[in-house]
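Okay, structure first, notes after.
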Amino acid sequence: MAERPLAGRTVIDLTTALSGPYATLLLAGLGARVIKVENPLTGGDSSRNNAPYVGADGLTTARRGDDDMSVSMLLRGRNKQSVTLNLKHPKARDVLAGLVRVSDIMIDNYSAGVTARLGMGHDWASAINPRIVCTSISGFGAQGGPGSGKAMDTIIQALSGVMMTAGAPGEPPVRFGLPVGDLVAPLYAVIGTLAAVMRADATGQGQHVDVSMLGALTSLVACEPFDAYEKLGLPMRTGMTVPRLAPFGTFPAADGWFALCGPTDAFARGLFAAMGHDDLAADPRFSSRDARVANAGELHELVGSWAADRPLAVILDLLTRHGVPAAEVREPGDAVRDPLVLEREEVVPLEHPRHGRGADLYGTGVPIRFSDSEAALDRPAPGLGEHNAEIYGGLLGYSDDELKALAVDGVI
-9 MAERPLAGRT VIDLTTALSG PYATLLLAGL GARVIKVENP LTGGDSSRNN
41 APYVGADGLT TARRGDDDMS VSMLLRGRNK QSVTLNLKHP KARDVLAGLV
91 RVSDIMIDNY SAGVTARLGM GHDWASAINP RIVCTSISGF GAQGGPGSGK
141 AMDTIIQALS GVMMTAGAPG EPPVRFGLPV GDLVAPLYAV IGTLAAVMRA
191 DATGQGQHVD VSMLGALTSL VACEPFDAYE KLGLPMRTGM TVPRLAPFGT
241 FPAADGWFAL CGPTDAFARG LFAAMGHDDL AADPRFSSRD ARVANAGELH
291 ELVGSWAADR PLAVILDLLT RHGVPAAEVR EPGDAVRDPL VLEREEVVPL
341 EHPRHGRGAD LYGTGVPIRF SDSEAALDRP APGLGEHNAE IYGGLLGYSD
391 DELKALAVDG VI
């Protein structure tokens, strides 16, 4: 079996909910040893209490058994080891310091300033282990943000401008169903963390990596020149089609929806041939890209009328045979069961640690293929504190009596 790229690296995972756990999930899938630190007084990561659950009775909306586990934790906890530690207890810093000594990375997604108030920030950690990289994912960055400074995905979507990039002009803001604010920031966090680890390998000195959910998502909004469109009077919100790339958008068939992208002359000619109207390629309204953009509304109406009473399979066959990029619009449940993404392990079956795969659920894999390494999420999520003895005893050297005393004192 090929070695995983981050084999031998150790990560202290202080994260909860989604943005932080997704970052550490990726690091775990790349081979790092991820030690998930959970609060024993609150039942651990808040995701453990997110419905629905999987247990002996299968998939349920309410917890029924002691070993029921939330689908959120089944997905986000894979390949991680769980220890319990009450970070607000005065003795917790000594325990955490032991982990810092043997780790390369520590990641949190607390609100700005929390680790400093707990006395567990980068300055403290680097005094113990100068090479450690401490990464923080927060709503607005280390300096804090407006109001309470607390942020959740919908707040970040609202502030980033992304809600006003979807939908049609005059419609209410559109909240993305996928929590993009929570999922983009951890990608940048992983990039920044690994860059800082490479720097620490070269210099012997770690550093603090600060990633803002707002900054991460807004930077993606800025990848598209919406401000330029506004200055030119072009609509930023165009609904189901993109007039400046016409023919381009999603259209209804008789039995479903499809997307097509035909911004070039060659693609447009292919579309007209598929429609049985080769003559449109010579029509002054559609013979050039600028002409098609100027007459986008009329062109998209022609496509819609042609497709409305045709079966989806027939439309896709015609478009494909004429070289036009096109695809059906799929439901999420169908998309995650695509044989291609399953074969590449970009999506993988979710497994309960005791009850296996009976629920027939799927979750994110590591969507990166290496030529000479392996990446995989192939171990089920742990129970709360499942690895206390292995980590605190085996790795840090605490005796059984010391661990019992820490448990009695409410430290672990």
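Quick note: the sequence shown uses the working numbering, first residue -9, plus one each step.
Ideal Cβ positions, reconstructed from N, Cα and C, are used throughout, including at glycine.
Buried or exposed for VAL73, please, with buried defined as at least 16 other CB atoms from any protein chain shown within 10 angstroms of its CB. Only buried fits VAL73, as 16 or more other CB atoms lie within 10 angstroms of its CB.
Backbone secondary structure at THR240 - three-state DSSP: DSSP places THR240 in the strand class (E or B) of the three-state scheme.
Within the continuous alpha helix (DSSP H) that includes ASP307, where are the two ends? Counting along the chain, the alpha helix (DSSP H) containing ASP307 begins and ends at 302 to 311.
Identify every residue that forms a DSSP beta bridge with MET96. As a beta-bridge residue in DSSP terms, MET96 pairs with ILE2, CYS124.
Pick helix, strand or coil for ASP200, following the three-state DSSP scheme. ASP200: strand per DSSP, three-state reduction.
Rank ASP47, LEU77, GLY55 by C-alpha distance to the C-alpha of LEU4 and give the top, closest one. Comparing alpha-carbon positions, the option among ASP47, LEU77, GLY55 lying closest to LEU4 turns out to be LEU77.
Among VAL61, LEU168, ASP324, ALA192, whose alpha-carbon lies nearest the alpha-carbon of LEU207? LEU207 has its Cα closest to that of LEU168, out of VAL61, LEU168, ASP324, ALA192.
I'd like the span of the beta strand (DSSP E) that includes TYR219, first residue to last. TYR219 -> not in any beta strand (DSSP E); alpha helix (DSSP H) instead, spanning 216 to 222.
With DSSP run on the structure shown, which of helix, strand or coil describes HIS345? Reduced to three states, the DSSP call for HIS345 is coil.
If you reduce the DSSP assignment to three classes, tell me which class ARG23 lands in. Strand.
Less than 6 Å between C-beta atoms, sequence neighbours within five positions excluded: which residues of the same chain meet that for ASP299? Cβ within range, chain order: ALA244.
GLU333 - DSSP class collapsed to helix/strand/coil: Helix.
Buried versus exposed call for SER202 [16 or more other C-beta atoms within 10 Å across all chains shown]: By the 10 Å Cβ count, SER202 comes out buried.
Could you check where the alpha helix (DSSP H) with SER62 kicks off and where it finishes? Per DSSP, the unbroken alpha helix (DSSP H) holding SER62 starts and ends at 61 to 66.
Excluding the 5 residues preceding and the 5 following ALA190 in the sequence, name in chain order all residues of the same chain whose CB lies nearer than 7 Å to its CB. Same-chain partners within the cutoff: ARG121, VAL123, GLY196.
Under a three-way DSSP split, which group does THR50 fall into? Reduced to three states, the DSSP call for THR50 is strand.
Please specify which runs of the beta strand (DSSP E), each continuous and at least 3 residues long, are wholly inside the region 226 to 288, giving them in chain order. Fully enclosed beta strand (DSSP E) runs of 3 or longer: 238 to 243, 246 to 251.
With a threshold of 16 other CB atoms inside 10 Å of the CB of GLY21, please say whether the residue is buried or exposed. By the 10 Å Cβ count, GLY21 comes out buried.
ALA13 classed as buried or exposed, judged by whether at least 16 other C-beta atoms fall within 10 angstroms: Its Cβ being crowded by 16 or more others within 10 Å, ALA13 is buried.
With respect to the alpha helix (DSSP H) encompassing GLN147, which residues constitute its N-terminal and C-terminal limits? GLN147 -> alpha helix (DSSP H) spans 143 to 150.
Classify GLY384 as helix, strand or coil using the three-state DSSP reduction. It is helical.
Rounded separation between VAL319 and THR6 - CA only: The straight-line gap separating the alpha-carbon atoms of VAL319 and THR6 is approximately 33 Å.
Report yes or no: do the region 304 to 320 and the region 329 to 338 share at least 3 C-beta pairs separated by less than 8 Å? These segments do not touch.
Just how far apart, CA to CA, sit GLY134 and ASP35? Between GLY134 and ASP35, the C-alpha separation is close to 23 Å.
Spatial neighbours of PHE166 in its chain, beta-carbon cut-off 8 Å, leaving aside the 5 residues before and after: So the qualifying residues of the chain are GLN147, VAL152, MET153, ALA156.
Selection from GLY194, LEU149, ARG23, LEU49 that minimises the alpha carbon distance to MET96: With distances taken between CA atoms, MET96 lies nearest to ARG23 out of GLY194, LEU149, ARG23, LEU49.
Using only the alpha-carbon positions, how far apart do ASP280 and TYR219 sit? Straight across, the Cα-Cα distance linking ASP280 with TYR219 is about 16 Å.
In angstroms, rounded to a whole number, what distance separates the CA positions of ARG359 and ALA365? Straight-line spacing of the CA atoms in ARG359 and ALA365 works out to 7 Å.
Measuring alpha carbon to alpha carbon, tell me which residue in ARG(-6), GLY10, LYS26 is nearest HIS377. Measuring from the Cα of HIS377, the nearest candidate turns out to be LYS26.
For SER389, which of helix, strand or coil comes out of DSSP? DSSP places SER389 in coil when its eight states are reduced to three.
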